[in-house]
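Counting from 1, position 11 in the sequence shown corresponds to residue 12 in this note's numbering; the numbering is continuous, with no gaps.
Here a beta-carbon is modelled for each residue, glycine too, at the ideal position from N, C-alpha and C.
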Amino acid sequence: QVQLVESGGGLVQAGGSLRLSCAASGSIFGINAMGWYRQAPGKQRELVAVITSGGSTNYADSVKGRSTISRDNAKNTVYLQMNSLKPEDTAVYYCNAKAGILSINYWGQGTQVTVSS
């Protein structure tokens, strides 16, 4: 089992920045990749960014160039730095971890990000 706790969401004006944090605990040695997803009202959950255990990263086209995913292995924490935020970035952001041979998904409780125009 992997537990994920997110923090760092909030209200920000367009053009501003936020940094989301996700602290992992439990069976962290089985984690293959961690990432961030988001879900806006009335829309499906979508991938924002992912970082593998080897350090490879991937981003959604909508945030590429504006966001950076990183990790601190000593703190078992993954970060999502988001810059030049737009109103369309407004969503609940969920931390995700894929663990084990079957890449089982674990989710955090979500953190609200609201970008005002």
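Quick check on the DSSP output: what are the complete beta strand (DSSP E) runs of length 3 or more inside the stretch 30-75, in order along the chain? 32-40, 47-53, 58-60 and 68-73
Taking buried to mean at least 16 other C-beta atoms within 10 Å of its own C-beta, is D90 buried or exposed? D90 comes out buried.
What do you reckon, are the CB atoms on V49 and A41 nearer than 8 Å? For V49 and A41, no; Cβs fall outside 8 Å.
What residue does the beta strand (DSSP E) around R18 start on, and which one ends it? Sequence check: residue 18 is Ser here, not Arg. Taken as a continuous stretch (DSSP letters only), S18 belongs to no beta strand (DSSP E), as it is neither H nor E.
Is I105 buried or exposed, if buried means 16 or more other CB atoms sit within 10 Å of its CB? exposed
Answer with buried or exposed for E47, where buried requires no fewer than 16 other C-beta atoms within 10 angstroms of its C-beta. exposed
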